[in-house]
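Okay, so here's the structure we're looking at.
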Amino acid sequence: MIHTASLLIPLAWRNLWRNRRRTFVILFAISLGVWAMIFTSAFLRGMSQQILDDTIYNLTGHIQIHAKQYLDDPVIDHRFSLIDDALFDSLNHPAIKQISARVRVPAVVASEQDSTGVTLFGIDPENEGDISFLQSSIIAGRYLDTAADPGVVIGKKLAERLETGLGKRIVVMSQDKNNEIVDRGVRIVGIFDSQMDGLESSCIFMGLQTSESLLKIKNDVSEVAIILHDSAQLEMITRQLQQENPHLDIQSWKQLEPLALVITELYDDFHIVWHLIVFLAMGFGIVNTLLMAVFERTREFGLFQSLGMKPGFILAQVWIESIFLIVLGLVLGNLTGWLSVLATGDGIDVSAFAQGMEMVNLSNVIPFVIIQDDLLLANLVVIILGMLTSLYPAWHASRLVPADAITRV
Amino acid sequence: MTTVVSCKQLNKIYQQGSIEVHALTDINLTVEAGDFVCLSGPSGSGKSTLLNMIGGLDSPSSGEIMVDGQRVDQMNKSELAELRLHKIGFVFQAYNLIPVLTARENIEMVMQMQGDSKQYRHQLSMAILKEVGLEGLENRRPSELSGGQQQRVAVARAIVDKPCLVLADEPTANLDSANAENLLQLMRDMGEEHQTTFIVSTHDPLVMSHARRLVKLHDGKIIENHEQH
C-alpha cells in the first residue's frame, strides 16, 4: 500500500502539469476565491472590530452604571452619589481596568452667532484615557488639564456650526439640581475631531468638578463607565455588579448598544455564508477541471486497472491531484490575501459615506483586520469542501470498466 | 504440461437496446504454460473480448475461466486487480504507456505496486531495457520514443515481473513490418527465456506465422484450433 502511495504522489504531481494552462486557470480560480474570502473577511472583521472599538472606546466602555431612570430620561434628577460604600467596594475589582465617573446632562450652548442643544459631559480627564476618544482627537488647543479645568473642549463640527473657535467664549446653559436654569460663560480650550460627525456636533466636555459646581451636585454623577482588562469577563462582571448594586441600573455595552451587537454578530455569520458562496463557485471549477482531466485520461485509468491497480488507488490518484491543486491554490490565495490586506495600510477611507457609517457606529476609516480564526475558517472551508467535491471525479475514475476504458479514444 | 488458461462454455452477450449481441458463444479453450497462442479472425470475431475475459478486464455472461488455477469469473474487482498485478501482463495495440513517466518508470510501475525495493526495481528494469534493445533510452518519456520503441517498453513492462501469462491485443497493428518482426521475435525469445505464456490476438499473418498454436474465431465461435510448428 505504501509502495503504491509512493507511486501515486509523483504521478499526481506530474499529471497536474500535463495541461499547464488548465492547471494555471484553476489555480487562479482557487487562489482568487481564497483571496476573496480572506480579503472580505479582513474587511468585515475590520468593520466589526471598528464598530466594537467605536462603541466601547467612544465613551460607552464595557459597562455603564446609571441611576435607575436615567436611560429613559437622562436629566439631572436621575443621578447617583459616588460616596456609596457598596458601589465603591464593587468597583474595586481586579478585573476592572479603568473607571470614569461623569456628569452627563442635556444643555444648550450659545456663541455670538448661534445656539444649539448638546450633551454636556463633566469628566475627570485623567480617568477618561482609555474610555474616550477625546484626548487623542484634539486637533486644536489642548485637552482638559484637571477635573477643575474651567475651559471646555468642543467638536470641530459644533465649532463650525456655532461659528466659533479656539480661545473664544461660549455660554453653557442647563438645569441644576433644583431645576433652576443655570448658565456659565466658558472659554474653548480645545477642539476635537472624532471622525464621527454626530459626536463632534453634539457633545461638549468640561471638568467634572466644574460641571458639578455649575449644576450644584457635589459628589453626584450621571454615569460611571467601566473598562475591563479582559472583555471575555463582561457577562460575569456585569452580573456581579448588578447583584451587588440592585439600586442602580448596570448594563453592558451589549444592552446599551444593541445595534452594534446585532451588526457585529451579523458580520460573523456573514463570514460563513460568504465563504460558502465563494466556495460554491470555486467548487464547480474544481469538479469541472478534474472531470475533464479524468475524461481525458480514461484510457490511462483503464491501463492502470489492467496493470493491477485497485480502484481505491485510482480514486486516490485523482484525489491527490486535487489536493495538490487545492493546497497550491490556498498558498497563493493566502499570500495574495495577506499582501493585499497589507497594502491597505491603516484601512480605507469611507468618509464619503460618513452619515451612513455613523448610523452603524462606524468611524470614517475602516481598517482591514486578519485574525487567526478567520484564516483558519477560510482555509478549512476550501480544504474540506474541496476534498469532498473532488471525490466525485475521483470516484468516477475508479468506477470505470477496464475493458471499456482501455479502448476509449 | 501445466494448464495456465482454461475456458469452459464461455459466453458473452452484449445488450444493444433490445437486441442481444453474442460476442462469444460456447468458447472452450485450454492454453498450456509457455505456449505462444495466436487468436485470429476478422474484426468483430471476438478476439479482444476473449482476451479481456481471460484478463479479467470484462466479465463473462456465463461459463468458467481459470487462470493459473484461479476462477477469474468469480472474482471481485479487488481480487481481479491482484490477479492482474501478479500473474498477467498486458500489451495493447496503442502501446498504452503512461505519458508522464519515463521508459524506466513505466516498466518499474508494476514492480512498485508489487512492493519491490527501489534498488531491485532499478536493477531489473535496466536489465530488461537492455534485453529489449532500449539501453540508453531509459529516461525518455513515451513522446520521445518511436512507435516500435514504445511497444518494446510495453512488452518489457508486461514481462518484467515474470507473469505466468501475457495477453497482447493486436500488438503489431501500429508497427511497420520490420518493427513487427523484431517485436514478435522479442516476445518469443522472452517467452522461452522466462517460460511465459503468450496469447496474442491479431489478424496480421506475420504474427500468426510466429504462433505455435493458432486459434481462429468467427462470429464469437472458435472455428479452428491447431498447433503450427
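From first to last, the protein sequence lines stand for chains A and B. Each residue of the first sequence is one higher than the one before, starting from 1358 at the first, in the numbering used here. Each residue of the second sequence is one higher than the one before, starting from 102 at the first, in the numbering used here. All residues carry an ideal CB built from backbone N, CA and C; glycine is no exception.
Test item: CB-CB of residue i and residue j under 8 angstroms
| i | j | result |
| --- | --- | --- |
| B/Arg-258 | B/Asn-177 | no |
| A/Leu-1572 | A/Ser-1531 | yes |
| B/Pro-272 | B/Val-168 | no |
| B/Leu-235 | B/Gln-250 | yes |
| A/Arg-1402 | A/Val-1726 | yes |
| A/Glu-1520 | A/Ser-1468 | yes |
| A/Ile-1574 | A/Ile-1433 | yes |
| A/Phe-1549 | A/Ile-1496 | yes |
| A/Phe-1661 | A/Ile-1677 | no |
| A/Val-1509 | A/Val-1465 | no |
| B/Ile-77 | B/Leu-186 | Because chain B here runs from 102 to 330, residue 77 of chain B falls outside it and cannot be looked at. |
| B/Leu-270 | B/Gln-194 | Sequence check: residue 270 of chain B is Asp here, not Leu. For B/Asp-270 and B/Gln-194, yes; Cβs fall inside 8 angstroms. |
| B/Gly-156 | B/Lys-148 | no |
| A/Met-1404 | A/Tyr-1749 | no |
| A/Asp-1533 | A/Phe-1437 | no |
| A/Gln-1421 | A/Val-1581 | yes |
| B/Thr-298 | B/Asp-136 | yes |
| A/Ile-1680 | A/Gly-1418 | no |
| A/Asp-1506 | A/Gly-1555 | no |
| B/Leu-266 | B/Ile-189 | yes |
| A/Leu-1365 | A/Ala-1673 | yes |
| A/Leu-1685 | A/Leu-1384 | yes |
| A/Gln-1566 | A/Ala-1504 | yes |
| A/Val-1356 | A/Ser-1568 | In the structure displayed, chain A extends from 1358 to 1766; residue 1356 of chain A sits before or after that span and is not available. |
| B/Ile-260 | B/His-295 | yes |
| A/Phe-1636 | A/Val-1738 | yes |
| B/Pro-161 | B/Lys-231 | no |
CB-CB length for residue i against residue j, believed under 8 angstroms
| i | j | result |
| --- | --- | --- |
| B/Gln-110 | B/Glu-165 | 7 angstroms |
| A/Ser-1398 | A/Ala-1735 | 6 angstroms |
| A/Leu-1373 | A/Leu-1682 | 7 angstroms |
| A/Asp-1691 | A/Val-1382 | The displayed chain sequence assigns Asn, not Asp, to residue 1691 of chain A. Their Cβ separation, rounded to whole angstroms, is 19 angstroms, which puts A/Asn-1691 and A/Val-1382 out of contact at 8 angstroms. |
| A/Ile-1408 | A/Ile-1620 | 6 angstroms |
| B/Gly-248 | B/Asn-275 | 5 angstroms |
| B/Ser-146 | B/His-319 | 5 angstroms |
| B/Gln-213 | B/Arg-222 | 6 angstroms |
Beta carbon proximity, residue i to chain A, threshold 8 angstroms
| i | result |
| --- | --- |
| B/Gln-213 | yes |
| B/Lys-178 | yes |
| B/Asn-83 | What the structure shows of chain B is the stretch from 102 to 330, and residue 83 of chain B is not part of that stretch, so it cannot be assessed. |
| B/Asp-169 | no |
| B/Asp-159 | yes |
| B/Gly-249 | no |
| B/Gly-292 | no |
Cross-chain neighbours of residue i in chain A, by beta carbon under 8 angstroms
| i | result |
| --- | --- |
| B/Ala-406 | Coverage of chain B is limited to positions 102 through 330, which leaves residue 406 of chain B absent and any answer about it impossible. |
| B/Val-201 | Leu-1368, Arg-1371, Asn-1372 and Arg-1375 |
| B/Met-210 | Leu-1364 and Leu-1664 |
| B/Gly-156 | Ser-1663 |
Within chain A, partners of residue i - CB distance below 9 angstroms
| i | result |
| --- | --- |
| B/Leu-186 | Leu-1664, Gly-1665, Met-1666 and Lys-1667 |
| B/Asn-197 | Arg-1656, Glu-1657, Gly-1659, Leu-1660, Ser-1663 and Ile-1763 |
Cross-chain neighbours of residue i in chain A, by beta carbon under 7 angstroms
| i | result |
| --- | --- |
| B/Phe-193 | Ile-1763 |
Near the ligand ATP: residue i beta-carbon under 7 angstroms from a heavy atom
| i | result |
| --- | --- |
| A/His-1604 | Absence of the ligand ATP is noted for the structure shown, with no ligands found whatsoever. |
Contact with chain B by residue i, beta-carbon distance below 8 angstroms
| i | result |
| --- | --- |
| A/Pro-1759 | yes |
| A/Thr-1361 | yes |
Do three or more CB pairs link the region 1480-1489 of chain A to the region 1599-1608 of chain A at distances below 8 angstroms?
no
Across the region 1667-1680 of chain A and the region 1752-1759 of chain A, are there enough close Cβ pairs to call them in contact, namely three or more that are closer than 8 angstroms?
yes
The region 124-131 of chain B contacting the region 285-298 of chain B, beta-carbon criterion three pairs below 8 angstroms
no
The region 1586-1600 of chain A touching the region 1474-1481 of chain A, judged by at least three CB pairs closer than 8 angstroms
no
Taking 8 angstroms as the threshold, find out whether the region 1696-1707 of chain A comes into contact with the region 1642-1657 of chain A through three or more Cβ pairs.
no
Quick test of the definition: if touching needs 3 or more C-beta pairs under 8 angstroms, does the region 1575-1587 of chain A touch the region 1446-1462 of chain A?
yes
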